[in-house]
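Just so you know, the sequences run in chain order A and B.
Residues 435 to 941 in the working numbering are what the first sequence spells out, letter by letter.
Residues 45 to 481 in the working numbering are what the second sequence spells out, letter by letter.
Beta carbons: idealized from backbone N, C-alpha and C, even for Gly.
Below: the structure, in C-alpha cells.
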Amino acid sequence: MKTALLGTDRIALPELGSSDNVGALLSQLDRSNREASLLAAAAVVSLHRQCGTVTVPSEKSGFPTCKSDDTPGCGSNAASYLKRMLQGQFPHLLPEFLSALAGSGHRLPEEVLPDALDAGRKDIKLRNLIAGVIGKRGEWLASLNEEWDFVAAKADVKDWETASRPSRVSVLRELRKNNPPDAIGLLASTWKQDGPEDRVAFMEELQIGLHSGDEDFLESALDDRRKEVRKKSAELLVRLPESKLVGRMIERTRALVTASGASGSKLLRALTRQSKIQVTLPEVCDESMRRDGIEPTPPKGMGEKAWWLRQMVAAIPITFWNDHLGLQAGQCVQDAEKTDYAKVLLPAWATATKRGRHVEWTQAILEYALGANTNFQLLSVVEVLPPTHRDPIVIKLLSSDRNLVGYAQPGFNLLQCCPGPWSEQLGRALLEFLQFQVKQNQEGKLQLTYIWFPNPEQFSMNMPVALATEAQEMFANVAGDHPFSKPLHTFLEILQFRSKMLKEIHK
Amino acid sequence: MHWTTEQILKLAPDAASAKAAQGLLAPKKWTSLGVHETAIWGACQGSGSNPYHTQIDLAEPAFKCSCPSRKFPCKHGLALFLLFAEQPSLFAKTAPPDTVASWLKGRSDRAAKKDTAATTKSRDPKDPEAQAKTAARRLDRVKEGALELQRWLEDMVRTGLAGNLSRGTAPWESQAARLVDAQAPGLARLLKEAAALSTREGWQEHLLEQMALLYLLLEGFRRSADLPEDLQDEIQSLIGWKRDQQELLQDVGIADEWNVLGQRTLLEDRLQVQRTWLKGTSTGREAMILAFAYGNQAPFSGLIPGTCFDGELVFFPGRLGLRALVKTRSEATRQLQNLPGESIARSVAKWSDCKANCPWLERFPFELGRVVPATAHGHWWIIDEAKAELPLSPFRDVWKVVALSGGHPINLFAEWDGHSLLPVSVCVDERFVELNA
C-alpha cells in the first residue's frame, strides 16, 4: 500500500513471498517488472481477502422491539397521496389529510413515517397533527432519533424541571387544558431559571385557557428580557378586556379620539362632510407604550404617529367606542370615514371587532367595506358571522354584478375572506358565478383579464369535495389552451385531488 | 392482478409526465373506453381536433398511443392505465376495435417470429468478409489501447498514487477518453469509477484494489487464449464488446416464474443505468436485467418491483451468468407475497464462490432472511438470527427500514459490493416496499 502511494521509484517493493497459500502465490510473481508485480500482488491480496470473508458473531444488538398497534394503517392508495404531498405536490393540503386520517381512525403506514416525521421537524404547525397519526410504531421510531423529539412521549408533571423542552411543552399543554391556573403556577415555579427559548415556547401554550387569573404572570412577563416573550404577553393581555394593560391603552387613547360637541346642525355636518369624530395623533411613543407592546417602527408607507395610534385603538375592546363617542357602530364607521384618519381607525376597529366577535360592528364595517374599494383588511371581519348568517349575503353578492371581473366583484372578494369549509350552497354559488363568466367570455361578451380568478388554490381548499364531480362536469368543455383556463384548471385539479384523497382515506 | 396508483406512476418517464397524466383522469376526457382480456384502450381528447387513440397490453405492460409525444410511455398511456386502476367500471367489456386487435396480433406474431427465427437462424448475411475485417480492426485497436492502459497504470504506481491524485483526476479522464477512442468503453468506465473513488473516505485501499483488478483484467485479456471460454466471454464484455441482443434472444431461454426483487437506477455520465434483479421461483436462479436511457428520461424495462411474471430469460454468455434479457412474457404479472430469505453466512459464501470465479464481479444480490437493523456512532449494520452482521452503505431510506422492522426481523433484498450492503427493497407482512439509495 505504502509503495503504491509513494511510488516504486521512491520506495523499494517489499518481499512478497511468505509461507502461507497467498504467499506461495505471490512468490511466483515475476519481479522483473516492479509495477506489474505490485498491481498483481494487490489483486491477489484483495481477492483473497474478499473471497475469504467470514462472518464473525456480532456483538451489536438491534433496537428494542415495538409493541403492536391495534389501530389499522391506511391503505396504500391513501398513503400515496401523502407521499405526493411530502414530495411537494399541494403541500398545503397536508393538514387536511392528517386530520381526516385521524378522524377515520387510521394511522400512517410504517414506510412513510420517516418522511412524515421529517415534515413535522421542519414545520412546527404540522407537529401535533403528525404526532396524532403515527401510531405506536411512529412514537417508537421517534424515540430512537433525536431529530424527532417533538413527538416525545408525554412526560409527567413530576419531571417538569428536568424533562426536555418538547416534553415540558406537552406537559404544560395538557395541564393548561384541564387546569389553567395550575399551569401558570407550574410555569412560574421555574420561570426565572428557564432559558429564553424555553420561555418563548411556553408562552405559546398560554393561549388556551386564557383567563383573568393569568394577568399577574403576564404583566410581569412584559419586562422579560426576550422580545418574543414580551410581545406575546402583551398580545395575550389585550385579549383580557379587564386587564390593566387594556386600561392603560384606554387612558392613552381617550383624549386622542373624541366626539366633538354638537357644533352646528346635522344637516350642516352632512353638507360639509364634517365628522363628529376628532382625532389627535400621539406625540411620542414612550417607554411605557413600548412595554405594552406598541411597535415603534411603522410599516412602509405609514407615518409613525398614525401607526402608534392604530395599534392603541386596535388593543381596546370595540364596545368602548359606543360609550366614549356616544355613537352606534354604523355612525362610528361613517364618521370615521370622514376624518383624515379613516385608514387608522377602521383597520384598528376591524381588529378589535374580530377579537370581540361583535356582530353589530361587523355589519357596520362590512357595509362600508363592500361599498368602498376592495379592502381585505376590513372584509375579513366577516369571519365573525356564523355561516347561516353569512352565506346568504355572499350568495346574493355573487349573483348580482356578474359582469364584474376578479377583484372588482364584491361577492368574490368577500368569499375570499370566509373561512372554510364552505357549505354546498356557497360552493355552488361560486361555480355558477364562474360558469357564467366563462360562458360570457366564450360568447365574446366578457373580457377576462389575467386576474380573472385570483388565488384559485385558496378557493379550492375551502370548497366542499361533494361538488368535485359536478365542478369537473361544469367546465369539461373549457379547453386547456384558453388564456384564462389556467387558474380554473388549478382550482379543479386541487378539488379533484382533495376529493379522491378523502375518498381513499375513508375507504 | 390489481395495480396500485404508485406502481403505475413509477412507469412514468419523468415527473412532468406523471403530473400531466393525473390531469387527464377526468372520465369526460375519454371516450370509447374498453377492455378485453389483458388489453385496454380508449380515445383521449387532446388539444387537436382528433382524439388520440391509446392502448395498453396489461400483460407486460406495453403501451401504444397515436399522439406525437416522444416520451414513453406518454401521458395518455399512463392516464389510461391509472383510470383503469381507479375506475375499472368505466371500461366496457367488448371485442377490441380493429386497430387494437391488429396491434395485439402484431405483438403476438412478433413473439412467435422470434421463436421460429431461433430455430431457422436468420442472421442477415451482410458481407461476412467485410464483417470479419471490421472485427479484426477493432480487436487491434483494443489491444493497442489495453497495452497503453497497462503502461499507464504502471506509471501511476511507479510515480506514486498519492502524488498523482493530488494533481486531480483530469489525467484519468483523458486516459478514459483515449480508451473510448480505442473502442474499449468498458475499460473507460472502470477507469472512471476508479478515479471517482479518490474522493471517498479511505480511498487509498479502494483505489489500489480497483486498479489492481483493472490490471488483472488487462493481463487476462493479453493472455485470453490460455483461458477457458466462459472467462473469455466475461473479459470481452467487461472490456466493452457488446453482444448482439437480437441474436442472443434467439437462444433457448430459461422458463420460470420470475420474481422482480428490486430495481436501482444510477447515473453513469449522462447515461441512466437501471438494474433490475430477478429470481426464478422454481429454478432459484438470479438474474440482472439492464435498461438504459439518456438524459432525464427514466429507463423503461416494463419490470415492476414487487411483482412476478411467467416468462423466459436468456442469459448472456460468461462465467457469472447473471445478466439476462427477457425473451418472452406470457402471463399477466402478480404481486409478490414475500422476499426469499437466506442467512448472511450463506449469502457471503455464495458471493465468495462467484468472486473467486470471476474477480471482476461488482455487485451481487443478497436475499437476506429475518434480519434487524442496528446502529452505533452513525454507522449502520444489519444482523441476522445467527448473530452474523454486515455493514450498510450510507443510504437515504435507512430509517424506513427501521420503521418497517419495528425492531422485529424482516426479509431484505440488497446489493453487496464486497465491502458494504446497499438495501434495495424489503417485504413486511406481505407488503413490498422499495427503498431509495
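Got a sec? Which residues, its chain only, sit under 8 angstroms from residue i by beta carbon, not counting five neighbours each side?
i	result
glutamate 474/B	Gln381, Asn382
leucine 183/B	none
alanine 129/B	His46, Trp47, Thr48, Thr49, Ile52
serine 857/A	Pro821, Asp825, Pro898
tryptophan 425/B	Pro417, Ala418, Thr419, Glu433, Leu434, Pro435, Leu436
Of all Cβ atoms in chain B, is any one closer than 8 angstroms to the Cβ of residue i?
i	result
aspartate 769/A	no
tryptophan 755/A	no
arginine 932/A	no
lysine 556/A	no
threonine 924/A	no
glutamine 869/A	no
glutamate 580/A	no
glutamine 484/A	yes
leucine 481/A	yes
Please report the straight-line C-alpha distance between residue i and residue j, rounded to a whole angstrom.
i	j	result
serine 919/A	leucine 868/A	11 angstroms
valine 468/B	glycine 284/B	27 angstroms
valine 747/A	glycine 522/A	42 angstroms
alanine 342/B	tryptophan 460/B	24 angstroms
tryptophan 594/A	arginine 541/A	30 angstroms
glycine 861/A	threonine 822/A	14 angstroms
leucine 292/B	threonine 325/B	23 angstroms
proline 548/A	leucine 532/A	15 angstroms
valine 446/B	leucine 535/A	23 angstroms
proline 527/A	isoleucine 100/B	Here residue 527/A is leucine; the residue named in the question, proline, does not match the sequence. Each residue's alpha carbon lies about 33 angstroms from the other.
serine 471/A	proline 498/A	51 angstroms
leucine 305/B	lysine 517/A	22 angstroms
proline 733/A	tyrosine 775/A	16 angstroms
alanine 389/B	alanine 432/B	7 angstroms
phenylalanine 909/A	leucine 102/B	32 angstroms
arginine 211/B	lysine 436/A	19 angstroms
arginine 195/B	tyrosine 96/B	59 angstroms
leucine 480/B	serine 61/B	Note that residue 480/B is asparagine in the sequence shown, not leucine. So the alpha carbons of these two residues sit roughly 21 angstroms apart.
Check whether the Cβ atoms of residue i and residue j lie closer than 8 angstroms to each other.
i	j	result
leucine 804/A	valine 839/A	no
leucine 448/B	valine 415/B	no
glutamate 927/A	glycine 67/B	yes
cysteine 670/A	leucine 640/A	Correcting the residue identity first, residue 670/A is leucine in this sequence and not cysteine. Yes, these two residues count as a Cβ contact at 8 angstroms.
valine 767/A	tyrosine 802/A	yes
alanine 740/A	leucine 715/A	yes
aspartate 658/A	arginine 633/A	yes
leucine 819/A	threonine 796/A	yes
glutamate 729/A	glutamine 745/A	yes
lysine 108/B	proline 57/B	no
Measure from the C-beta of residue i to each C-beta in chain A and report whether the shortest distance is under 8 angstroms.
i	result
threonine 143/B	no
leucine 197/B	yes
valine 304/B	no
lysine 431/B	yes
leucine 55/B	no
isoleucine 100/B	no
threonine 203/B	yes
histidine 452/B	yes
tryptophan 424/B	no
tryptophan 74/B	no
Whose C-beta lies closer than 7 angstroms to the C-beta of residue i among residues of the same chain, with five residues either side of it excluded?
i	result
asparagine 208/B	Met200
arginine 561/A	Gly554, Phe584
valine 186/B	Ala226, Gln227, Ala228, Ile283
Got a sec? Which residues, its chain only, sit under 6 angstroms from residue i by beta carbon, not counting five neighbours each side?
i	result
lysine 165/B	With a pLDDT of 48 at lysine 165/B, under the threshold of 50, the modelled position of this residue cannot be trusted, and the question is left open.
proline 543/A	Gly507, Ala513
leucine 456/B	Leu412, Val415, Pro467, Val470
proline 844/A	Leu804, Leu831
Any residues in the region 710-735 of chain A with a beta carbon nearer than 8 angstroms to a beta carbon of chain B? Which ones, in chain order?
none
Identify each residue in the region 512-534 of chain A for which the Cβ-Cβ distance to at least one residue of chain B is less than 7 angstroms, and report them in chain order.
Ser514
Residues in the region 240-270 of chain B with C-beta within 8 angstroms of chain A's C-beta atoms, listed in sequence order?
Gln248, Glu249, Leu252, Glu253, Met255, Ala256, Leu257, Tyr259, Leu260, Glu263
For the region 489-500 of chain A, which residues have a CB atom closer than 7 angstroms to at least one CB atom of chain B, in sequence order?
Thr489, Pro491, Ser492, Lys494, Ser495, Gly496, Phe497, Pro498, Thr499, Cys500
If the cut-off is 7 angstroms on Cβ atoms, which residues from the region 397-422 of chain B count as contacting chain A, listed in chain order?
Lys399, Ala400, Pro403, Val416, Pro417, Ala418, Ala420
Of the residues that make up the region 543-575 of chain A, which ones have a beta carbon closer than 7 angstroms to any beta carbon in chain B?
Glu544, Glu545, Leu547, Pro548, Arg571, Trp574, Leu575
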